[in-house]
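Please read the structure below before turning to the comments.
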Amino acid sequence: MGIAAWPGTFLAFAAMALFVFVTVSSPVWDSVYFLNVKDVSGSQDVHYGFLGWCRGGGDGTCSSTDFGYDISSALGENVGRSDVTNDALNNLTYVLIFNPIAGFFALLSFLAGLAAISGGRLSSLLLTLLQAWAAIFAAATFVIDIAMWAIVRNLVNNNTALNAELGNANWLALAAAASLIIGTLLSTFGICCGGGRRKDVSYV
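Adding 734 to a residue's 1-based position in the sequence shown gives its number in my numbering.
Right under this line is the structure:
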């Protein structure tokens with residue numbers, strides 16, 4: 735496949751990097767978060783990430799880094815409704831594990847792309863199949879992310895005096911999924927349009 739594998743390989747690497755950013759979101763990297771909750775004055779933002787939350791920015795109070803965490807614990811006395819504090823809602827944070835898994839599939843696609851650059855039709859086919867699977871998984875991950883945090887946002891806005899809005903980690907996941915989808919299309923195009931140029935095609 736040679737040069738034709740470069741675009742798909744680069745987009746797989748980009749998707750992997752984006753999912754890494756999502757995975758190291760708040761409280762590890764407070765600039766990346768799934769949900770931002772503000773008080774009335776706007777002076778105490780709470781950023782929710784993959785492993786917890788930070789309140790008041792990077793120099794404020796942050797939770798411990800835990801897989802699956804209590805969403806309402808960062809809101810303190812502002813939360814008075816069980817709708818925001820129920821266990822089922824807090825257990826939703828466990829589904830965020832799909833983000834690093836999607837990043838792992840993007841990594842596999844990137845490695846397959848490196849093989850396809852110097853390999854033949856079989857390695858190119860492997861790249862396309864892996865990237866297609868990674869794209870489907872990443873798209874499903876984005877849908878789960880956006881649905882979960884939209885639920886939390888609506889519960890906070892409807893049941894508290896706080897204002898919640900979706901954060902940039904959701905859009906990074908969307909960009910990663912889009913990169914994999916485009917990469918799959920380009921890889922497929924490379925196989926279909928590049929196969930007839932040479933008769934001495936390698937199958938390794």
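By construction, the Cβ of each residue, glycine as well, lies at the ideal position given by its N, Cα and C atoms. Just so it is clear, the structure is predicted and the values come from calculations on it, not from any experiment.
Considering only C-alpha positions, which residue in the set the options is nearest to residue i?
| i | options | result |
| --- | --- | --- |
| Ser921 | Ser858, Phe801, Thr799 and Leu830 | Ser858 |
| Leu845 | Thr827, Ala868, Ala911 and Tyr828 | Ala868 |
| Ala836 | Asp804, Phe923, Thr827 and Thr757 | Thr757 |
| Ile880 | Glu899, Thr894 and Ile915 | Glu899 |
| Leu889 | Val780, Ser806, Ile737 and Ser797 | Ser806 |
| Leu896 | Ala748, Phe832, Asn770 and Thr795 | Asn770 |
| Trp763 | Leu745, Ala749 and Leu785 | Leu785 |
| Leu864 | Gly790, Phe838 and Phe768 | Phe838 |
Count the other C-beta atoms from every protein chain shown that fall within 10 angstroms of the C-beta of residue i, then say buried if there are 16 or more, exposed otherwise.
| i | result |
| --- | --- |
| Gly688 | A query on residue 688 cannot be resolved here, the shown segment of the chain reaching from 735 to 938 and no further. |
| Asn706 | What the structure shows of the chain is the stretch from 735 to 938, and residue 706 is not part of that stretch, so it cannot be assessed. |
| Asp800 | exposed |
| Tyr828 | exposed |
| Val780 | buried |
| Cys788 | buried |
| Val877 | exposed |
| Gly901 | buried |
| Gly794 | exposed |
| Ala808 | buried |
| Ala748 | buried |
| Ala874 | exposed |
Suppose you measure from the CA of residue i to the CA of residue j; what does that come to, to the nearest Å?
| i | j | result |
| --- | --- | --- |
| Lys933 | Ala909 | With a pLDDT of only 42 at Lys933, under 50, the local geometry of the prediction cannot be trusted, and the value read off the model is given with reservation. In a straight line, the C-alpha of Lys933 is about 38 Å away from that of Ala909. |
| Gly742 | Trp905 | 20 Å |
| Phe883 | Asn824 | Here residue 883 turns out to be Trp, not Phe, going by the sequence shown. Cα to Cα, the separation comes out at about 11 Å. |
| Met918 | Thr862 | Met is not the amino acid found at residue 918; the sequence shown has Thr there. Roughly 6 Å separates the two Cα atoms. |
| Ile737 | Leu841 | 19 Å |
| Ile916 | Phe923 | 11 Å |
| Cys796 | Leu856 | 48 Å |
| Ser798 | Ser765 | 17 Å |
| Asp773 | Thr894 | 10 Å |
| Leu914 | Trp740 | 13 Å |
| Gly783 | Pro761 | 6 Å |
| Ala746 | Phe832 | 17 Å |
| Pro834 | Cys927 | 33 Å |
| Leu826 | Phe768 | 13 Å |
With H, G and I counted as helix, E and B as strand and the rest as coil, what does DSSP make of residue i?
| i | result |
| --- | --- |
| Leu896 | coil |
| Val890 | helix |
| Val766 | coil |
| Thr799 | coil |
| Ser760 | coil |
| Ile925 | helix |
| Phe876 | helix |
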